[in-house]
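A.B. asks:
Numbering (full-length UniProt numbering), first residue to last: 1 to 141.
Here's what the structure looks like:
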């Protein structure tokens with residue numbers, strides 16, 4: 001498996017992955033209005049890294065570089081655990097010029113456990129669109 005910068009040819013699959021992964025992760029939400037085009041809006045102006053294995057795309061991370069902020073990190077929900085999320089998180093962390101941050105919904109317990117396992121710390125809570133989230137910071141180097 002490798003991580004590499006996004007290529008425009010990745011867009012069709014990543015749109016599909018983003019839609020499927022969000023529907024799988026956000027089980028408490030009404031996801032009926034989620035669309036393929038959501039990927040385009042959600043990653044606009046961000047650096048994107050993809051994980052692939054022998055030409056098969058496995059997941060992606062998008063980073064708002066100006067703020068060292070991870071906006072999205074999704075792995076194909078059909079895959080068994082195999083380190084894809086960790087590889088993407090590490091790829092994002094290598095781009096940081098200062099402490100990294102991200103927001104994770106309080107209800108997304110699986111994602112919270114993943115970030116805590118990798119040393120990310122809760123800094124504060126907030127509310128966006130009626131949903132509570134934690135602001136997390138990357139581990140100190």
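Virtual Cβ for every residue (Gly too), placed ideally from N, Cα, C.
Short of 7 Å in beta carbon distance, which residues of its chain neighbour residue 70, apart from the five on each side in sequence? Order them along the chain.
C.D. replies: 61, 63, 92, 100 and 102
A.B. asks: Taking only three categories from DSSP, how would you classify residue 116?
C.D. replies: helix
A.B. asks: Nearest to residue 123 by alpha carbon, out of 83, 117 and 135?
C.D. replies: Distance check between residue 123 and each of 83, 117 and 135 places 135 closest, using alpha-carbon atoms only.
A.B. asks: Just the C-alpha distance for residue 41 and residue 140, rounded to the nearest angstrom, thanks.
C.D. replies: 31 Å
A.B. asks: Does DSSP classify residue 75 as helix, strand or coil?
C.D. replies: strand
A.B. asks: Decide yes or no for the touch test of the region 101-121 against the region 40-56: beta carbon pairs closer than 8 Å, at least 3 of them.
C.D. replies: no
A.B. asks: Tell whether a beta-carbon distance below 8 Å holds between residue 9 and residue 77.
C.D. replies: Not in contact: residue 9 and residue 77 (Cβ atoms no closer than 8 Å).
A.B. asks: Confirm, please, whether the CB-CB distance from residue 112 to residue 89 is below 8 Å.
C.D. replies: No. Outside cutoff.
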